[in-house]
Each structure stands twice: as structure tokens, then as C-alpha cells.
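Engineer: No gaps in the numbering here: position 2 of the sequence shown is 8 in this note's numbering, and each next residue is one more.
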Amino acid sequence: MQLAEERRQSIVELVDRQGKVLAAELAQQFRTSEDTIRRDLRDLDAAGLLRRVHGGAMRRTRAEPSFGQRADADAARKGVLARALAESVRPGDTVLVDAGTTNLAFVRLLEDGHAATIVTNSPRIALELGHMRTTRVMLLGGTYAGHADAVLGAHTVAEIRRLRVNLAVVGVCSVEADRGLGAGNIEEAEVKGAMLAAASRRVVAVLNERLEAPAPFLIAPLSEVDQLVLEPDVAPDVLARLRQAEPAPDIRLGSTTTRSKA
Numbered sequence: 007m008q009l010a011e012e013r014r015q016s017i018v019e020l021v022d023r024q025g026k027v028l029a030a031e032l033a034q035q036f037r038t039s040e041d042t043i044r045r046d047l048r049d050l051d052a053a054g055l056l057r058r059v060h061g062g063a064m065r066r067t068r069a070e071p072s073f074g075q076r077a078d079a080d081a082a083r084k085g086v087l088a089r090a091l092a093e094s095v096r097p098g099d100t101v102l103v104d105a106g107t108t109n110l111a112f113v114r115l116l117e118d119g120h121a122a123t124i125v126t127n128s129p130r131i132a133l134e135l136g137h138m139r140t141t142r143v144m145l146l147g148g149t150y151a152g153h154a155d156a157v158l159g160a161h162t163v164a165e166i167r168r169l170r171v172n173l174a175v176v177g178v179c180s181v182e183a184d185r186g187l188g189a190g191n192i193e194e195a196e197v198k199g200a201m202l203a204a205a206s207r208r209v210v211a212v213l214n215e216r217l218e219a220p221a222p223f224l225i226a227p228l229s230e231v232d233q234l235v236l237e238p239d240v241a242p243d244v245l246a247r248l249r250q251a252e253p254a255p256d257i258r259l260g261s262t263t264t265r266s267k268a
């Protein structure tokens, strides 16, 4: 039986190749119900991977924003999360850092020598850390994916599985109390899941709009996260649902004030 994540990735590939698909034909092809296909199309549309239309779906025509455009967007909000992430790094840690604009803001706050080693699948993050002389910076290998500004794929996952790190800082497209962490791409989901499995401590920071927002591909349940870093103005009902998860991660709210150095 085909897994839901595999089916959804196949649907995305069909839409990219054909330009459009029909729900009825997809139900026959994947031997499942049209209701299931409609849920798939709804979640893929919400993730921005296709455009759901009556009876099926079409390829999105609007270009995705570049990594640079995403990095500039909501810089102040990402800075709040980045400061909390920086405080999770202990002296001498080996830190595995996922690609992403919030994580880029995070590494910019790290002092050379505080962490022993930083490992990343993001060429941009590795370049950002190029000035470091005491902290070792390692860039994982794999196939470069421009949309994520990251290396992904089987080679990347294999390299991560050989690692044992103190801390993993992983970015996600979605956090749902009942389902867990989600990604918009199956290869990203596999890399992020491997990163979580390689670490003794696992931290995820997420903007408000990604909370309870469905994503098509499951990374891991919330039980595989030690700390969830959220914005200080997170909706109280969403926060309550996350705290009721079993088992619930430690939830930390970022602060809009900066700590002065002694």
C-alpha cells in the first residue's frame, strides 16, 4: 500500500509534468477514494505546491519567492526566534543546522568558538559562517535544490545518519498538535527527519502562521522534539493545544527584548 506522503509527492510530480490533473483519474490511478484525493489536493494547495480547482488541480503559475526575498520578509519576527535558538547552544556543542531563513538569522548570532562544530545542508549558512576560525563548519553533500537553497536527497540523508550531534535546529513548514511537524516536499521531510534522529537535543522554531497549518508531508510527531520556540504573541488556543500534546515538547516563547551582555 502506498504511503500518503508518497502519493502526494507523485501527485505534485504529475501536476508539474502535465500541467493539470483530475481527481477522479487520480483516485483510479492510486486506487483510493476521491475524498482522499480531494484532501490531498487541499493540503498540497495550502502548501503552495499546486492550485486546486473544481474537479482536480493545476500547476501554479506564480513564481515562488527567492531565498533572498524570504530572508528579508518578517526579519524582526525571525530575529525573535533566532535569539531563542542561539541561547539553546551550549559551549562545545556539535550543532546540526537545517536550511531556512530563520536558521540563517540564528547562525548570524553565534560567536566563533562557542560551538565546537556546525554541520549544515545549506550552502548559504556555511558561507555565512565562513569567518569562523575556532568553530569548525561542515557542509553536507547531496543534490542542490534551489527552491530550498539546500542540499537534499538520499546522499544527504546517508551522511546525516552517520552523525551523532548534541543539538539539531530544524525548520518546518507546519506544526500541528495532533499530527506533528510537516514539510512541503518529501525530500525535505526525509532530511529533516534524519536530522532529528541524529541529535540528543532537538529544537524547532516556527512562525505563527505555520501553526495548525496543514503540510502534505510528515516529518515527525511532536514527541521527537525537545523544545518548540514560538513567537510571544502566539494565539492562546493554539498554545493550549500544543501543550496538551502527549508527550508535549517544552515550549518557549521568544522575547522581543534583547539581553545585555555582562
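Yeah, the Cβ is synthetic: ideal placement off N, Cα and C, and Gly gets one too.
By DSSP's criteria, L236 is part of a beta bridge. Which residues make up the other side?
Structural biologist: Residue mapping note: residue 236 aligns to position 230 of the sequence shown, counting from 1. Paired residues: L259.
Engineer: Among the candidates K198, A156 and A88, whose CA atom is the shortest distance from the CA of L236?
Structural biologist: Locating residue 236 in the sequence shown gives position 230, counting from the first residue. Among K198, A156 and A88, the Cα nearest to that of L236 belongs to A88.
Engineer: In terms of alpha-carbon separation, which member of L234, I166, T141 and G152 lies closest to L213?
Structural biologist: Translated into positions along the sequence shown, residue 213 becomes position 207. With distances taken between Cα atoms, L213 lies closest to L234.
Engineer: Which class does G62 belong to by DSSP, given the choice of helix, strand or coil?
Structural biologist: Locating residue 62 in the sequence shown gives position 56, counting from the first residue. Note: G62 maps to strand in three-state DSSP.
Engineer: Closer than 6 angstroms by C-beta to V171: which residues in its own chain qualify, once you throw out the five before and the five after it? Chain order, please.
Structural biologist: Locating residue 171 in the sequence shown gives position 165, counting from the first residue. Closer than 6 angstroms at Cβ, skipping near neighbours: T100, L102, A204 and A205.
Engineer: With a floor of 4 residues, list each alpha helix (DSSP H) that falls wholly inside the segment 124-158, ordered by position along the chain.
Structural biologist: For the segment 124-158, whole alpha helix (DSSP H) runs of length 4 or above, ordered along the chain, are 129-134.
Engineer: CB G177 to CB D104, shorter than 8 angstroms?
Structural biologist: Against the sequence shown, residue 177 aligns to sequence position 171. Against the sequence shown, residue 104 aligns to sequence position 98. Contact: yes.
Engineer: Please classify E182: does DSSP put it in a helix, a strand, or coil?
Structural biologist: In the sequence shown, the residue the question calls residue 182 occupies position 176. Of the three classes helix, strand and coil, the one that applies to E182 here is strand, per DSSP.
Engineer: If you count every other CB in all the chains shown that lies within 10 Å of the CB of L9, and 16 or more means buried, which is it?
Structural biologist: Here residue 9 is taken as the residue at index 3 of the sequence shown, counted from 1. Counting Cβ neighbours within 10 Å, L9 comes out exposed, since fewer than 16 surround it.
Engineer: Can you find at least 3 beta carbon pairs, one from the segment 37-52 and one from the segment 154-171, that sit closer than 8 angstroms?
Structural biologist: In short, these stretches do not touch, since the Cβ pair count stays below three.
Engineer: Okay, do the segment 23-42 and the segment 160-167 touch, 3+ Cβ pairs below 8 angstroms being the bar?
Structural biologist: Contact fails: fewer than three Cβ-Cβ distances are below 8 angstroms.
Engineer: In the DSSP assignment, the beta strand (DSSP E) including V171 goes from what residue to what residue?
Structural biologist: Taking the first residue of the sequence shown as position 1, residue 171 is located at position 165. Note, V171: beta strand (DSSP E), V171 to V176.
Engineer: Note down the Cα distance separating L241 from R185, rounded to an integer number of angstroms.
Structural biologist: Within the sequence shown, the letter at position 235 stands for residue 241. Within the sequence shown, the letter at position 179 stands for residue 185. Residue identity differs from the one stated: residue 241 is Ala in this sequence, not Leu. Near 18 angstroms, if we compare the C-alpha coordinates of R185 and A241.
Engineer: By alpha-carbon positions, which one of E134, T140 and R65 ends up nearest to G119?
Structural biologist: In the sequence shown, counting from the first residue as 1, residue 119 sits at position 113. The residue with the shortest Cα to Cα distance from G119 is T140.
Engineer: From the DSSP output, which residues share a beta bridge with R208?
Structural biologist: As a working mapping, residue 208 is identified with position 202 in the sequence shown. For R208, which the question treats as bridged, DSSP gives the partners A174.
Engineer: Give the single residue among E93, G98 and P97 whose Cα lies nearest to the Cα of F112.
Structural biologist: Counting from one through the sequence shown, the residue named residue 112 turns up at place 106. Checking every option, the nearest Cα to that of F112 belongs to E93.
Engineer: Apart from the five residues on each side of it in sequence, which residues of its chain come closer than 6 angstroms, Cβ to Cβ, to A121?
Structural biologist: For the purposes of this step, residue 121 is identified with residue 115 of the sequence shown, where counting begins at 1. For A121, where only same-chain residues beyond five positions count, the Cβ hits under 6 angstroms are V95, D99, V101 and T141.
Engineer: Of all Cβ atoms in chain B, is any one closer than 8 angstroms to the Cβ of V181?
Structural biologist: No chain B is present in this structure, which holds just one protein chain.
Engineer: Please name the residue in Y150, I166 and E117 whose C-alpha comes closest to that of V125.
Structural biologist: On the sequence shown, residue 125 is found 119 positions in, with the first residue counted as 1. For V125, the nearest C-alpha among the options comes from I166.
Engineer: For G147, collect the residues of the same chain with a Cβ closer than 7 angstroms to its Cβ; drop the 5 residues on either side in sequence, then sort them by chain order.
Structural biologist: Along the sequence shown, one-based indexing puts residue 147 at 141. So the list reads V157, H161, T162 and E165, once near-sequence residues are dropped.
Engineer: Taking DSSP's pairing of strands, which residues face T100 in a bridge?
Structural biologist: Indexing the sequence shown from 1 puts residue 100 at position 94. Bridge partners of T100: T123.
Engineer: So what does DSSP say about R57, is it helix, strand or coil?
Structural biologist: Start at 1 with the first residue of the sequence shown, and residue 57 comes out as number 51. In the structure shown, R57 sits in a strand (DSSP, three-state: E or B).
Engineer: Should P253 be labelled buried (16 or more other beta-carbon atoms within 10 Å of its own) or exposed?
Structural biologist: Stepping through the sequence shown from its first residue, residue 253 is reached at position 247. Exposed.
Engineer: As a quick exercise: from L145, A132 and I192, pick the residue whose alpha carbon is nearest that of S16.
Structural biologist: What you label residue 16 is simply residue 10 of the sequence shown in a count that begins at 1. Residue I192 is the option with its Cα nearest to S16.
Engineer: What does the Cβ neighbour count give for L224, buried or exposed, with the cut at 16 atoms within 10 Å?
Structural biologist: Within the sequence shown, the letter at position 218 stands for residue 224. Buried, since its Cβ has 16 or more Cβ neighbours within 10 Å.
Engineer: Look at A211 and A90 and say whether their C-beta atoms are less than 8 angstroms apart.
Structural biologist: Position 205 of the sequence shown, counted from the first residue, corresponds to residue 211. Position 84 of the sequence shown, counted from the first residue, corresponds to residue 90. Cβ distance < 8 angstroms, so A211 and A90 count as in contact.
Engineer: Please name the residue, chosen from P220, R83, E117 and G106, that lies closest to P97 on a Cα-to-Cα basis.
Structural biologist: Residue mapping note: residue 97 aligns to position 91 of the sequence shown, counting from 1. Cα-wise, what sits closest to P97 is E117.
Engineer: Can you tell which of V181, S39 and D46 has its C-alpha closest to the C-alpha of R247?
Structural biologist: Translated into positions along the sequence shown, residue 247 becomes position 241. The option with the nearest alpha carbon to R247 is V181.
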